[in-house]
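So for the sequence shown, the working numbering puts the first residue at 11; every next one is plus one.
In what follows, a single structure is set out as structure tokens and then discussed.
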Amino acid sequence: MTTPAPTDRARVLVVSDTHLGDGQASRLVARLGSLLDGVDTILHAGDVVHASVLGALGEIAPVHAVLGNNDHGLRLPERTVVALAGRTIGMVHDSGSSSGRAARLRRMFPVADMVVFGHSHIPWHEVHTDDRRHAQHHLNPGSAMQRRSQPVCTAAVIELRPDGIEVSIVPLDG
Numbered sequence: 011m012t013t014p015a016p017t018d019r020a021r022v023l024v025v026s027d028t029h030l031g032d033g034q035a036s037r038l039v040a041r042l043g044s045l046l047d048g049v050d051t052i053l054h055a056g057d058v059v060h061a062s063v064l065g066a067l068g069e070i071a072p073v074h075a076v077l078g079n080n081d082h083g084l085r086l087p088e089r090t091v092v093a094l095a096g097r098t099i100g101m102v103h104d105s106g107s108s109s110g111r112a113a114r115l116r117r118m119f120p121v122a123d124m125v126v127f128g129h130s131h132i133p134w135h136e137v138h139t140d141d142r143r144h145a146q147h148h149l150n151p152g153s154a155m156q157r158r159s160q161p162v163c164t165a166a167v168i169e170l171r172p173d174g175i176e177v178s179i180v181p182l183d184g
């Protein structure tokens, strides 16, 4: 078990679109490997598929997850907001088409510092600033288990600190 982080900083692992059935969670944990070291919280942006995946991740750190379009029978919210290290992170599985995405996410989560989403399996991170100069990060970690048209599977690590937010999209082996 890790030592709790100070309240003004956190290391967050973000995954999405794992698409793993019963008995397959160990494949995800193995693929994430050392990314799990020192993680304070894990965010799963949907398409978990089987609850055992969240259970396995929950043995490592607290998990927050949203419902994906393949999460039949799972009792998860379609959207949620998580408060971490003095920041707010909105979560939704499907952000819609790339056209108009920034404005749509801002409407969904008007005061969030970051919005995490999945669905497309395409890793993506941008920072958008509104007319009040409030920056909002938009992050899709890609898929940790099904790369589809991408060259590799990916996850993301967020470092929340008093002086800012650092996002890294990390290619995964295997």
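Every residue gets a Cβ at the ideal spot worked out from N, C-alpha and C, and that includes glycine.
Please read all numbers here as calculations on a predicted model, not as lab measurements.
Per-residue burial, residue i [other beta carbons within 10 Å of its own, 16 or more giving buried]
{"i": "A55", "result": "buried"}
{"i": "A165", "result": "buried"}
{"i": "S130", "result": "buried"}
{"i": "R85", "result": "exposed"}
{"i": "G128", "result": "buried"}
{"i": "L144", "result": "The displayed chain sequence assigns His, not Leu, to residue 144. Under this definition H144 is an exposed residue."}
{"i": "D183", "result": "exposed"}
Cutoff 6 Å; reference residue i; Cβ partners in own chain excluding five residues on either side
{"i": "V125", "result": "G100, L115, F119 and H148"}
Nearest-angstrom Cβ-Cβ length linking residue i and residue j, presumed shorter than 8 Å
{"i": "D123", "j": "T98", "result": "6 Å"}
Neighbourhood of residue i by C-beta distance below 8 Å, restricted to the same chain and skipping five residues each side
{"i": "E176", "result": "I168 and E169"}
{"i": "Q160", "result": "H131, I132, P133, G152 and S153"}
{"i": "V91", "result": "T98, I99, G100, M101, F119 and A122"}
{"i": "P87", "result": "V76 and L77"}
Residue i versus residue j: straight-line alpha-carbon distance, rounded
{"i": "V22", "j": "D47", "result": "11 Å"}
{"i": "H103", "j": "S36", "result": "23 Å"}
Cβ-based neighbour list, residue i, same chain, cut-off 7 Å, excluding 5 preceding and 5 following
{"i": "D18", "result": "A95, G96 and P172"}
Requested in this report: Within the region 39-126, note down every full beta strand (DSSP E) run reaching 3 residues or more, in order along the chain.
Outcome: 51-54, 73-75, 89-94, 97-102 and 124-126
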